[in-house]
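Please read the structure below before turning to the comments.
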């Protein structure tokens, strides 16, 4: 049988409600500029700042706009070196396409800011059968 003293009961009586209130409290507001991204296509900034979901699994970061269309998905490796792996662009500035391997010029990570640039191959919505290539730069604040 456990025996608790008066002090131990008092601590339990005060701590339990405090934990319950903290667990039910509303989440902290996201600071301005956090969890957002901007995209530049052919030296023209797209008109929006996109909310993003940043997920890290091991050394890989996946950055996805919310919602995904119009938007993009980027995968960046952040191990010994920061390397872009894939960039998929969905209907940004009328362009849909992707970049991988040699088409990705570079990536860098500074704190929780990730930048990816390169050349994407795809097509514009107004000329869907004509292959197109765009230069892009993405900056995400995760």
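Numbering (the numbering used here), first residue to last: 1 to 142.
Glycine residues also receive a C-beta, built at the ideal position from the N, C-alpha and C atoms.
(1) Going by C-alpha to C-alpha distance, which of 132, 117 and 118 sits closest to residue 124?
(2) What separation, rounded to the nearest whole angstrom, lies between the Cα atoms of residue 95 and residue 41?
(3) Does residue 141 pass the burial test, meaning 16 or more other C-beta atoms within 10 Å, or should it be called exposed?
(4) Kindly give me the distance between the Cβ atoms of residue 92 and residue 75, rounded to whole angstroms, as I take these residues to be in contact under 8 Å.
(5) By the DSSP assignment, the beta strand (DSSP E) with residue 118 in it spans what residues?
(6) Ordered along the chain, which non-local residues of its own chain (more than five positions away) have a Cβ less than 6 Å from that of residue 97?
Well, looking at it:
(1) 132
(2) 9 Å
(3) buried
(4) The C-beta separation of residue 92 from residue 75 comes to about 17 Å, leaving the pair out of contact by the 8 Å criterion.
(5) Per DSSP, residue 118 belongs to the beta strand (DSSP E) from 113-124.
(6) 89, 120, 121 and 122
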